[in-house]
Amino acid sequence: MNTPATQFPGKVFLVGAGPGDPELLTLKAHRLLRQADLVLHDDLVSAAVLSLAGRRTIVVNVGKRCGVKKITQGEINALMVDAAREGKQVVRLKSGDPGVFGRLNEELEWLRAAKIAFEIVPGITTANAAAASLGVSLTDRDKSARVIFVSGHQSGAKGPVDEPDWNSLAQADATIVVYMPGKGLRHLSRKLIAAGLAPETSAVLIAQVSSPQQNQFWTTVGALGELDSSATPSILLIGRALDHAAAHAAIESLPDLQSIKNLLPARNERRIAS
Ligand SMILES: C[S@@+](CC[C@H](N)C(=O)[O-])C[C@H]1O[C@@H](n2cnc3c(N)ncnc32)[C@H](O)[C@@H]1O
Numbered sequence: 018m019n020t021p022a023t024q025f026p027g028k029v030f031l032v033g034a035g036p037g038d039p040e041l042l043t044l045k046a047h048r049l050l051r052q053a054d055l056v057l058h059d060d061l062v063s064a065a066v067l068s069l070a071g072r073r074t075i076v077v078n079v080g081k082r083c084g085v086k087k088i089t090q091g092e093i094n095a096l097m098v099d100a101a102r103e104g105k106q107v108v109r110l111k112s113g114d115p116g117v118f119g120r121l122n123e124e125l126e127w128l129r130a131a132k133i134a135f136e137i138v139p140g141i142t143t144a145n146a147a148a149a150s151l152g153v154s155l156t157d158r159d160k161s162a163r164v165i166f167v168s169g170h171q172s173g174a175k176g177p178v179d180e181p182d183w184n185s186l187a188q189a190d191a192t193i194v195v196y197m198p199g200k201g202l203r204h205l206s207r208k209l210i211a212a213g214l215a216p217e218t219s220a221v222l223i224a225q226v227s228s229p230q231q232n233q234f235w236t237t238v239g240a241l242g243e244l245d246s247s248a249t250p251s252i253l254l255i256g257r258a259l260d261h262a263a264a265h266a267a268i269e270s271l272p273d274l275q276s277i278k279n280l281l282p283a284r285n286e287r288r289i290a291s
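If you're matching positions, the sequence shown starts at 18 in this note's numbering and goes up one per residue.
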């Protein structure tokens with residue numbers, strides 16, 4: 018199904034690199050990385066994953082993060098097609114899963130039109146890795162019947178598009194995962210509440226998922242605007258399926274009894290009134 022009829026010997030593998038931890042890479046992705054002639058990767062692919070490329074593999078960063086264009090989509094397409102026409106095995110490596118906010122279709126259209134053989138190798142998307150690291154299930158028999166993946170950053174090759182229709186997405190029985198949440202968390206909070214989501218709904222912003230620097234910031238929909246959103250890359254999870262983990266995080270953030278006692282004056286000490 019993946020491969021159009023082709024007369025060219027090379028092939029392009031569109032591979033998911035997972036969220037960063039190389040142990041979350043599939044065995045297939047690992048094998049292809051070792052065997053590839055050329056790896057074209059996005060900015061968010063971790064150095065640890067790239068270090069698994071073969072010794073003779075040429076590794077090129079074709080990332081366009083935050084709109085700072087180093088290379089155009091057309092140039093990336095041309096690189097893939099030209100290399101495959103020359104008989105090369107090309108790995109187009111994208112963070113997470115290539116089919117989740119990865120501009121996969123743009124590249125597939127191009128490969129199909131150029132009659133280049135291709136194969137998609139799925140990866141662990143950030144939402145799954147984030148939930149696992151927090152001890153959370155994205156679905157919950159009682160609290161979450163649906164999972165919604167939505168992009169907070171809605172711009173594309175055809176120019177900015179409308180922001181998501183929060184009225185249809187903000188459902189109490191859904192876990193909402195916002196990729197690229199950006200800096201507009203106060204705006205998002207207002208939109209979600211206006212769409213009917215309870216302000217006390219649990220939310221967590223998780224930065225650098227699966228790396229040693231992973232950090233999570235627990236909050237609620239009503240208090241989203243107070244979060245410092247400067248850590249990147251980050252992903253936002255919202256919904257009642259997070260409630261248990263949120264409660265645990267709140268308990269863990271309490272000072273332990275001994276540290277509270279240490280703050281109190283010793284029994285034979287007298288406070289000196291100022
Ligand atoms: C262009 S999208 C690519 C998503 C990717 N295809 C996936 O399945 O995870 C980039 C966004 O994914 C999220 N992301 C990717 N890797 C991440 C990580 N290690 N930690 C937190 N968020 C990450 C961030 O929201 C980032 O802005």
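Backbone N, C-alpha and C fix where the C-beta goes; we use that ideal spot for every residue, glycine too.
None of the values given here were measured: they were computed from a predicted structure.
With a beta-carbon spacing of about 5 Å, residue 57 and residue 79 fall inside the 8 Å limit used to define contacts. Distances from the alpha-carbon of residue 192 to those of 200, 159 and 211 put 159 closest. If you check the C-beta of residue 252 against ligand 1, you find a heavy atom less than 7 Å away. Going by beta carbons, residue 202 and residue 246 fall inside the 8 Å limit. Contact check for residue 53 against residue 35 fails: the beta carbons are separated by 8 Å or more.
Residue pairing for residue 111: DSSP places it in a beta bridge opposite 33. Check the Cα spacing between residue 242 and each of 59, 146 and 221: the tightest is with 221.
Within the same chain, Cβ atoms closer than 6 Å to the Cβ of residue 253 are found at 195, 198 and 222, the five residues on either side in sequence being excluded.
In this structure, ligand 1 has a non-hydrogen atom nearer than 7 Å to the beta-carbon of residue 111. Between the beta-carbon of residue 266 and that of residue 235 there is about 5 Å, and that keeps the pair under the 8 Å contact cut.
Comparing alpha carbon positions, the residue from 30, 258, 23 and 124 closest to residue 157 is 258.
Take residue 237, set aside five residues on each side of it, and the residues of its chain with a beta-carbon closer than 7 Å to its own are 216, 217, 218, 219 and 220, in chain order.
Between residue 225 and residue 150, the C-beta spacing is not below 8 Å. Residue 232 has 224 as its beta-bridge partners, per DSSP. CA-CA distance, residue 66 to residue 281, rounds to 50 Å.
With contacts defined by Cβ atoms closer than 8 Å, residue 138 and residue 46 form a contacting pair.
One thing to note: residue 250 has its Cβ no nearer than 8 Å to the Cβ of residue 41. Residue 98 and residue 81 have their C-alpha atoms spaced approximately 19 Å apart.
The Cβ atoms of residue 120 and residue 29 lie no closer than 8 Å to each other.
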